[in-house]
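Each residue of the sequence shown is one higher than the one before, counting from 794 in the working numbering. Let me begin by presenting the structure, written as structure tokens, before commenting on it.
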Amino acid sequence: MDLSALKVLLKEIDKDTQLAHEDYSNKSAIHKAALQVMQFEKELYYGDLVQGRHLQKIKDIIEINAEDIVNEINKS
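Put into structure tokens, the structure is as follows:
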């Protein structure tokens, strides 16, 4: 496989991944919060992100989505 074919394949995979993330986050507020936590963890592990307040950031993500989560639970 040459470099240009690999780039095309990686772009297709990235597009499919983004669509899967959108579908997953649209399932519920809990799914949305979970996806945000996973994205944060990925950026923390693989990226240049340095976060001294790791647990606080996760707590913030959950708190931001808490009202939507409670509303969805109360609807069911």
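Yeah, the Cβ is synthetic: ideal placement off N, Cα and C, and Gly gets one too.
Q: Over the uninterrupted alpha helix (DSSP H) stretch that includes Asp795, give me the two end residues.
A: Indexing the sequence shown from 1 puts residue 795 at position 2. Unbroken run through Asp795: none, as it is neither H nor E.
Q. Counting only runs that start and end within the segment 805-849, where is the alpha helix (DSSP H) found for 4 or more residues in a row?
A. 822-839
Q | Close-in-space but distant-in-sequence residues of the same chain around His824 (CB under 7 Å, 5 per side omitted) | A | As a working note, residue 824 is residue 31 in the sequence shown. Taken in chain order, the residues that qualify are Tyr817 and Ser818.
Q: Find out if the Cβ-Cβ distance for the pair His814, Leu828 is shorter than 9 Å.
A: Stepping through the sequence shown from its first residue, residue 814 is reached at position 21. Stepping through the sequence shown from its first residue, residue 828 is reached at position 35. Their beta carbons are under 9 Å apart, which means His814 touches Leu828 by this criterion.
Q: Would you mind sorting Ala798 into buried or exposed? The rule is 16 or more other CB atoms within 10 Å of its CB.
A: If you number the sequence shown from 1, residue 798 lands on position 5. It is exposed - the Cβ of Ala798 has fewer than 16 other Cβ atoms within 10 Å.
Q) So, using beta-carbon positions, are Ala822 and Asn867 closer together than 9 Å? A) Taking the sequence shown and counting its residues from 1, the one referred to as residue 822 is at position 29. Taking the sequence shown and counting its residues from 1, the one referred to as residue 867 is at position 74. No, the pair does not count as a contact, with Cβ atoms beyond the cut-off.
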